[in-house]
Structure formats: C-alpha cells, structure tokens
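Respectively, the protein sequence lines represent chains B and C. Reading the first sequence from the start, the letters are residues 34 to 462 in my numbering. Reading the second sequence from the start, the letters are residues 34 to 462 in my numbering. Here is the structure we will look at, set down as structure tokens.
Protein chains: 2
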Amino acid sequence: MSEYRGYKGSSLEFLKNNQISVGSSVKIQADIDYSGIIMPRYEHSDDKHIILKLKSGYNVGLAVAKIEKIEREQIKEEKFEEKRHPEKIEGLPKICLLSTGGTIASKVDYRTGAVTPVLTAQELNASVPELTKIANIDAEVLFSEYSENLMPEHWLKIANKINEYSTSDYAGIIVAHGTDTMHYTSSFLSFALAGFPIPIVLVGSQRSSDRASSDAALNLIGATKFITECNTKGIYIVMHQDENDDAIACHVGTRVRKNHTSKRGAFQTIGENPAFIITEDRIQKNFSQDFFKVKEFQPKINLDTKVILIKYYPGFDSAFLDNIIETGCKGIIFEGTGLGHVGKTLYKSIKQAHEKGIFLGMTSQCIDGRVRMTVYESGRDLLELGITPLENMIPEVALVKAMWAVGNSADIKEVEKVMLENVASELSD
Amino acid sequence: MSEYRGYKGSSLEFLKNNQISVGSSVKIQADIDYSGIIMPRYEHSDDKHIILKLKSGYNVGLAVAKIEKIEREQIKEEKFEEKRHPEKIEGLPKICLLSTGGTIASKVDYRTGAVTPVLTAQELNASVPELTKIANIDAEVLFSEYSENLMPEHWLKIANKINEYSTSDYAGIIVAHGTDTMHYTSSFLSFALAGFPIPIVLVGSQRSSDRASSDAALNLIGATKFITECNTKGIYIVMHQDENDDAIACHVGTRVRKNHTSKRGAFQTIGENPAFIITEDRIQKNFSQDFFKVKEFQPKINLDTKVILIKYYPGFDSAFLDNIIETGCKGIIFEGTGLGHVGKTLYKSIKQAHEKGIFLGMTSQCIDGRVRMTVYESGRDLLELGITPLENMIPEVALVKAMWAVGNSADIKEVEKVMLENVASELSD
Numbered sequence: 034m035s036e037y038r039g040y041k042g043s044s045l046e047f048l049k050n051n052q053i054s055v056g057s058s059v060k061i062q063a064d065i066d067y068s069g070i071i072m073p074r075y076e077h078s079d080d081k082h083i084i085l086k087l088k089s090g091y092n093v094g095l096a097v098a099k100i101e102k103i104e105r106e107q108i109k110e111e112k113f114e115e116k117r118h119p120e121k122i123e124g125l126p127k128i129c130l131l132s133t134g135g136t137i138a139s140k141v142d143y144r145t146g147a148v149t150p151v152l153t154a155q156e157l158n159a160s161v162p163e164l165t166k167i168a169n170i171d172a173e174v175l176f177s178e179y180s181e182n183l184m185p186e187h188w189l190k191i192a193n194k195i196n197e198y199s200t201s202d203y204a205g206i207i208v209a210h211g212t213d214t215m216h217y218t219s220s221f222l223s224f225a226l227a228g229f230p231i232p233i234v235l236v237g238s239q240r241s242s243d244r245a246s247s248d249a250a251l252n253l254i255g256a257t258k259f260i261t262e263c264n265t266k267g268i269y270i271v272m273h274q275d276e277n278d279d280a281i282a283c284h285v286g287t288r289v290r291k292n293h294t295s296k297r298g299a300f301q302t303i304g305e306n307p308a309f310i311i312t313e314d315r316i317q318k319n320f321s322q323d324f325f326k327v328k329e330f331q332p333k334i335n336l337d338t339k340v341i342l343i344k345y346y347p348g349f350d351s352a353f354l355d356n357i358i359e360t361g362c363k364g365i366i367f368e369g370t371g372l373g374h375v376g377k378t379l380y381k382s383i384k385q386a387h388e389k390g391i392f393l394g395m396t397s398q399c400i401d402g403r404v405r406m407t408v409y410e411s412g413r414d415l416l417e418l419g420i421t422p423l424e425n426m427i428p429e430v431a432l433v434k435a436m437w438a439v440g441n442s443a444d445i446k447e448v449e450k451v452m453l454e455n456v457a458s459e460l461s462d
Numbered sequence: 034m035s036e037y038r039g040y041k042g043s044s045l046e047f048l049k050n051n052q053i054s055v056g057s058s059v060k061i062q063a064d065i066d067y068s069g070i071i072m073p074r075y076e077h078s079d080d081k082h083i084i085l086k087l088k089s090g091y092n093v094g095l096a097v098a099k100i101e102k103i104e105r106e107q108i109k110e111e112k113f114e115e116k117r118h119p120e121k122i123e124g125l126p127k128i129c130l131l132s133t134g135g136t137i138a139s140k141v142d143y144r145t146g147a148v149t150p151v152l153t154a155q156e157l158n159a160s161v162p163e164l165t166k167i168a169n170i171d172a173e174v175l176f177s178e179y180s181e182n183l184m185p186e187h188w189l190k191i192a193n194k195i196n197e198y199s200t201s202d203y204a205g206i207i208v209a210h211g212t213d214t215m216h217y218t219s220s221f222l223s224f225a226l227a228g229f230p231i232p233i234v235l236v237g238s239q240r241s242s243d244r245a246s247s248d249a250a251l252n253l254i255g256a257t258k259f260i261t262e263c264n265t266k267g268i269y270i271v272m273h274q275d276e277n278d279d280a281i282a283c284h285v286g287t288r289v290r291k292n293h294t295s296k297r298g299a300f301q302t303i304g305e306n307p308a309f310i311i312t313e314d315r316i317q318k319n320f321s322q323d324f325f326k327v328k329e330f331q332p333k334i335n336l337d338t339k340v341i342l343i344k345y346y347p348g349f350d351s352a353f354l355d356n357i358i359e360t361g362c363k364g365i366i367f368e369g370t371g372l373g374h375v376g377k378t379l380y381k382s383i384k385q386a387h388e389k390g391i392f393l394g395m396t397s398q399c400i401d402g403r404v405r406m407t408v409y410e411s412g413r414d415l416l417e418l419g420i421t422p423l424e425n426m427i428p429e430v431a432l433v434k435a436m437w438a439v440g441n442s443a444d445i446k447e448v449e450k451v452m453l454e455n456v457a458s459e460l461s462d
C-alpha cells in the first residue's frame, strides 16, 4: 500500500512536507488538540482534509488549512509476530474462516492505520485467544470490502469457495462479513448451497475491535462455539442478541434482517425468537426443524441480477415500472403495502409485465406477517393480473431468491414453482 | 350503486337468471354448502366467479360453473333507521369525523353486501353507542377507498378539508382511514398542517367490524377519548397496542409504521414507546414534547410527486437511477444499508443527480436507528457526492416530507434546509 494512500493535492503536500504518512501516530494542534493515527483516503475524497482515527475509535476529518502544528508521536507501536502460528490443540474440531471484509475484519485499522482487513489466523489468535481452545481455525481472506460494496458476483465467489469444502474435514465454515448486507449474502448461500453438509455461519460486528464496546470477539467466539456444539446444518447469522454481552443470537439466514443502524443487537429474526441463543455455558435451541427442506446437497451456484425490488408508495409513478419492464428485466419483487397491495394505478403496467413473462412476486413492506391477497379486492385483482403472493418471505430474501431462481431456469412456470417451495426455511408457519 | 356492480359475462348472467343481486343473502350448494352475502366485484375481476361474504367475515370466490343451486335466504334483514340522528348530549365536546374508506369504514359491507363505506353519524351511533357519551360527532364521507388506492392527490383533499375547520369549535378531527398507507397520510398532514390548533387523529382497523376480533370500535373509542382528554396538538395514529383489547396506542404520526400485515397491534412507534397509551380509566403520557416545532399555524398544503424512494440492494442497477434522473425527478430518498450506504457502483449516477440539482436524501432500510455517514469511508464518499443524511427519519416519512418540501420550494438549498428542520417530530433524539 502507498504510504499516502488516497491523498492528493494540498493534503498530500501537507503530509509530505511534514514527513507523515498513512499509519503514523500523530499529535495535532488545530482548533483543539488531537492525537491519533493518519487514515488512508478514498478515490472520491477531496484534497483539503486529512482523516485521523482518534483513540476513541472514531474518525475525524481535519482541514489541513486549519492545522497549526502536526508532529509524530513517539509511541511504542505494538508489533504482531507475523510468523507466529496459532497453537493447534490435537483433537479439536477444525473450522474454516473466510473473511470478506467489513467492520469485523477492520480491527487491524487502528494499529496499522490501514483499512484493508488482514484477518489471518495469526491475528485471530492474537486478538481472540479463546478461539484456540475451542477449535483449530484455518483462515483465508477472500476480499476486503465493506459489505455495501459486495455485489451478487461476490456471493457467487463466496459460494464457490465454500463449495470446495463440501467434502472437507471441517466442522463448519465461518464467513466474516460486513453487517450492511450480511442477510442478503446469507440468503444467497442458503439457496445456492441448499443441503450443504456442514453449518455455515456468517459473523460480523457493529463496533470495530478498537472500541471498548466492540462485539467482534464475542460474536466470533459465539460462531465458533455454535459450529462445534450445534450438530446441525444450515446457514446462520451470529451476532449479539441485544446490548448485553451475555447472549449471542444465531439467526436462520433466510429469516433475519438488520433492523437497527448501530445497536449491537441490530439483527433480528423476523416474527420469531432467534434459532439458537448462545450463552457462556449452553446453547438454547428454539428452532427444531431442518434448515434445508431438500434432502440432498445439490449446489446451484447461479444467479441473474435482472431482478428488481420495488417498494410501493402512494404516488409511485407507473412510468418507472414501464421503464423497468422495457429493459429486459426477468423478475420483479414488489414490497407492497399491508397484506400485499399496490395502487390500481400500477395495474396496467403489471399486466404488461406478466404478459412479457416477467416473474412478479408480492411481499409486504410491513416486513412481519404474511401477505394474503384473497382478503381484499385489491389483492384479488393483483392475483388475477399474475402476481405470485410470497407468503411471509422477507422482501430482501425474496429478491435474492428470485435472482437465484431466474439464474437457474428460464422457464417462468418453474420460477413461480420454485419461489413458493420452501428451500431453506425462508417460509415459516 | 348497480345491483350487479362489477359482474359481467357468465357470472352476471348467472345472477340475473337466479334473480340474485349484490347484497342478497343466499344459500349455495356447490362442493360444500355456503351461506352468506353476494359481494360486488371490481373492474379487473374475471367473469366466472361470484364473491360471497361468509358469516365468518371472510370472502370466498365461487366458480359459477360449479354451483349446483343458489337460493335467496329468508333472513330478517337488520334495517338501520336511516333518519335517526344520534342523540347529542348538551355540553359534550364536538368532534369532526372524516371518513376516507378502509376496513374501518367497510363495516357496512356485511349487512348490505356493498363495499362502499357509508360511515354516517347515524351508523356510528348504531355501531358504537359508547361514542355518544363521550362526544357529539359530526361525520362526513370524503372518499370510499381502501388506502392502497389513496394517492398524494387524496392527501391534499384531506388536508384542505381539515384546514376548513382550523377555526371551528371542534375539539379535534378524526380521520377514518385504511391502514395500508395511513402512516404516509399522517406524515403529509403533519407537514402540510404544521401548527394546526386542534388534534388530528387517524384511526383504522385491521379486522372489519363483522369479525369477532374486530378492533374498529375500540380504536374509534380510543381516538375519541384521546381527543376529548389529551389537551394537546399534533397528528396521531390511534390503533390497538397489541393483540389485547386492554390498551389503545396513540402514535406520533411521523414516527410510526405498519410493521405487521395482519395483527391488530400492527402499528408501532419506531424506536420508542407510543406517545400515549389509552386504557379504560386513564391516558398514560410518554411523549412530553410539543408535536409541532413551529410556533404558529401556517398551512402549506402543497406537494410535488416527482420524488422517488429507492431501496438499495446488492446488484441494484445504476441504469434505473440514470433513468429516474432523466425523467425530471426533483428528489430521491435512498433507503440505504446500515448507517446510510449504497454501493460504489451508484456513485457516478449520484454525482450526476446532484449536479442536476436533484435533492438527495439518505435514510436506512434498517428502519430503526440513525444514519451516520461520517463513520465509514462509504458514508463520507456519499456526503461528498452531495447526499443529505436524514438523521433518524423513517424512509416513508422522508419520502412524504421531500414531496412536500419540493412542492413548496424550487430552491434546492431551501429544500435541503427544510428536510433537516424538525417540523413535526419526524426527527427524534
């Protein structure tokens, strides 16, 4: 990495003049005094500010024009013993840890000043020593992206990588992942790897490890304990249950949403308790069904992104729907109101979409509860126009499932059938 | 209303041949025996079925081809005394009740077989006699629509009608409304009628009055009690707090969402307790602020529907955003991920939108919690591209507010300013 990564113009000049680079610990005098580590910047950044990570873990941007003095701080930098291998204890279960990025993998930022996650087994060992007592972990970095930048192409790469381990001696796979879109990824893995023989657990953190309130280590320990003790299959998301450190929740990967922007207990199973609750001394099981409804593992690692999620609202312009239909889209998931409705103003466009052979699925923006399109005339009208009511499937999950379904079949009847089949617990009673 | 409303082709012929019309009580022999009332049909219905409202309150569609026998049931039809006026008790507060339709106003369906609500004061008196002891209610039917068919034009009509009563002797206004989009309407009224001198309460029901579990009467009683006892201003939504009949919740009209498709306690204040809890013997107050942040009542009953709500997801095609920008849209509300992010793949389009003077606001699809766009590089990039972070405004509320803001000003700087001003408690701590 460049020692001035992302800096340009006056901010780059400022750093060079002061012999300060990304990762340097510095003291700054400006409007008030700051001390922290110089962070890298990104492509779209301006050239007038530097970014400083404070000891609190927060980043601040400081205008270089207002900095009176900057000096390198003489602190004893904590060095990793790069070559130290985690001790492996004979007889412990083996786990494969794949890192895709996200806050959980950005722990290293604070010490090095870099945002690229370097979540190696060594560093895990150093940061969460409890893990070595539970399992022997092999770690691998797949990508280093915050999850808002993970795309369906990344889902395919993750699924294909995991698929390589379908006949391995791992007890399970952990995927370290940003929390923003973790539930989209868990949904894709649930469909693409239906029947996978060992548990797959996605784990993230809401607060990075350099903050006192970080949930990273406990979530990782929870995921590891779950894999070694649960004796089950399926794709799960493991995160704090609430603001306390007492309990880690394990959610069915197709029934979960990020429902809060910042709380550690942001992830919630919709309409039910989490599948498992992991506490220090036990794992409470609330979910007694088989996660997969298919009997055999038959990976179908395909998708087609020509599927749209439309959230309906009063005043929604049917011209947008018409435009979407024109572009050659293959599926539309509506996030309707209430029991699964949209206004009559969209009927004509919906009829055209159906006639073009586009899959049309209905979910509800209420998020919780079941669509029931036979109760009111609006629902019955929409059924007659060719919309498939998707029971209580969460809108985001329906979107991912439709991408997967149209990626595996060009036959609209087959897509309609698959969308209503309970593949991976995406539908519940 | 036509006595065969909505029927056509073979189903119309079937009804005529049997001298049965909409509203008739009938017994039918088909695969099993049914008894109920013939319901009207709608424009988009097919011509092969008739709709029957069963005594349970549910509607079923029956294929006329499979009906072996249909006969009119000789039941003593309950007749309303159309001309009976509700008794008015001297000295009770006066309330204005405006009906827009929805399940709460479709109580009459069951008795007449029609879906057009005829919520007159007389019928209210007949159906909820408790009301006459609390207030003298004048009722008026504005529209008869389920709320999925209410559009921004309807919001304007409701606001203008209410505005006529700004100097009346009413203690408050009740708006009977379908639940699907009730929170969109309450948001518009909150902005358009900011400072309105008497409370405005939207009330609906999740189960129609012909069902044992109906919440219609209790919600209406709750709304009436709230207006007569609360001594406050503001726009509120009054609905069951949960599945019990013990408590009715009164929600701030800009902080509430329909979060379940069918439960009676579907409406929830986001991130907090409801503003007021109405029980049989008292009203518990949880909300101690002024609802309106403006001092004086200055109605601004305008809007512009050229505002779009975009829910971001992995794989979102930037071409749709480009198309939206091309159409002359004036505002875009993003429902981003987590703290307020979208993928880098949209940056170029967002930059163009900003350069075209389109208002760009960020909310979170997490629904609960605050967007904070300074924490991660993605957020900082988006800030630099010109996106306004909308604090903890609920996405649907932000959409309505943006329609209102661009309807009142063509100046983007003014729109940006207004969007961050707390007008009607849409932002909370």
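Beta carbons are placed, not taken as given, at the ideal position from N, Cα and C, and that holds for glycine.
For residue j and residue i, the rounded distance between their alpha carbons
i: Gly39 (chain B); j: Leu95 (chain B); result: 15 Å
i: Lys86 (chain C); j: Arg240 (chain C); result: 14 Å
i: Asn545 (chain B); j: Thr378 (chain C); result: Examination of residue 545 (chain B) is not possible in this model, given that chain B is present from 34 through 462 alone.
i: Leu415 (chain B); j: His216 (chain B); result: 29 Å
i: Asn277 (chain C); j: Asn252 (chain C); result: 12 Å
i: Val97 (chain C); j: Glu417 (chain B); result: 17 Å
i: Lys41 (chain B); j: Ala63 (chain B); result: 21 Å
i: Thr218 (chain C); j: Met272 (chain B); result: 36 Å
i: Pro126 (chain B); j: Phe221 (chain B); result: 26 Å
i: Pro232 (chain B); j: Leu130 (chain B); result: 12 Å
i: Ser458 (chain B); j: Asn441 (chain B); result: 19 Å
i: Ile254 (chain B); j: Asn319 (chain B); result: 20 Å
i: Ser382 (chain C); j: Ala435 (chain B); result: 26 Å
i: Ala250 (chain C); j: Val161 (chain C); result: 6 Å
i: Arg144 (chain B); j: Arg105 (chain B); result: In this prediction, Arg144 (chain B) scores a pLDDT of 38, lower than 50, which makes its location untrustworthy; no coordinate-derived value is stated.
i: Glu359 (chain B); j: Tyr67 (chain B); result: 55 Å
Burial state of residue i (16 or more Cβ within 10 Å)
i: Glu410 (chain C); result: buried
i: Val327 (chain B); result: exposed
i: Ala299 (chain C); result: buried
i: Arg297 (chain B); result: buried
i: Gly211 (chain C); result: buried
i: Glu111 (chain B); result: Low local confidence applies: a pLDDT of 44 at Glu111 (chain B) is under 50, so the model's placement there is unreliable, with the coordinate-based value given in what follows. Looking at its Cβ environment, which holds fewer than 16 other Cβ atoms inside 10 Å, Glu111 (chain B) is exposed.
i: Ser180 (chain C); result: buried
Chain C residues whose Cβ lies nearer than 8 Å to that of residue i
i: Lys333 (chain B); result: Neighbours of Lys333 (chain B) on chain C: none; closest Cβ ~18 Å, over 8 Å.
i: Ser411 (chain B); result: Tyr179, Glu181 and Asn182
Neighbouring residues, chain B, relative to residue i (Cβ below 8 Å)
i: Met184 (chain C); result: Pro347, Gly348, Gly376 and Thr378
Reference residue i; option with closest CA among the options
i: Glu178 (chain C); options: C:Asn169, C:Ala209 and C:Glu429; result: C:Ala209
i: Asn292 (chain B); options: C:Ile103, C:Thr265, C:Val59 and C:Gly369; result: C:Gly369
i: Ile137 (chain B); options: B:Ala256, B:Lys434 and B:Leu453; result: B:Ala256
i: Pro422 (chain B); options: B:Ser397, B:Val430 and B:Tyr67; result: B:Ser397
i: Arg380 (chain B); options: B:Asp350, B:Glu173 and B:Cys399; result: Per the sequence shown, residue 380 (chain B) should be read as Tyr rather than Arg. Comparing Cα-Cα distances from Tyr380 (chain B) to each of B:Asp350, B:Glu173 and B:Cys399, the minimum goes to B:Asp350.
i: Gly348 (chain B); options: C:Ile170, C:Ile303, C:Trp188 and C:Val161; result: C:Trp188
i: Asn306 (chain B); options: B:Ala438, B:Asp401 and B:Leu48; result: B:Asp401
i: Phe224 (chain B); options: B:Ser238, B:Gly69, B:Asn196 and B:Gly134; result: B:Asn196
i: Asn193 (chain B); options: B:Ala172, B:Ile207, B:Leu226 and B:Ile427; result: B:Leu226
Residue i Cβ short of 6 Å to the ligand SAH heavy atom set
i: Leu354 (chain B); result: Summarising the ligand content, the structure contains no ligands, and the ligand SAH is consequently not present.
Contact set between residue i and chain B, taken where Cβ atoms lie within less than 7 Å
i: Asn292 (chain C); result: Cys399, Ile400 and Asp401
i: Asn196 (chain C); result: Chain B residues near Asn196 (chain C): none, gap ~20 Å exceeds 7 Å.
i: Glu429 (chain C); result: Tyr346
Under 9 Å from the C-beta of residue i: neighbouring residues of chain C
i: Ala249 (chain B); result: Ordered by position in chain C, no residue passes the 9 Å Cβ test against Ala249 (chain B), which lies about 15 Å from the chain.
Neighbouring residues, chain C, relative to residue i (Cβ below 7 Å)
i: Asp314 (chain B); result: Residues of chain C passing the Cβ test: none, with the nearest at roughly 31 Å.
i: Ile357 (chain B); result: Phe353
Beta-carbon neighbours of residue i, restricted to chain B and to distances below 9 Å
i: Arg405 (chain C); result: Thr294 and Ser295
Can you confirm whether the segment 277-295 of chain C touches the segment 158-171 of chain C when touching is taken to mean that 3 or more C-beta pairs between the two stretches lie within less than 8 Å? Taking a contact to require three or more Cβ pairs closer than 8 Å, the segment 158-171 of chain C and the segment 277-295 of chain C do not qualify as touching.
Contact the segment 360-367 of chain B vs the segment 333-342 of chain B: 3+ CB pairs below 8 Å: Yes, they touch.
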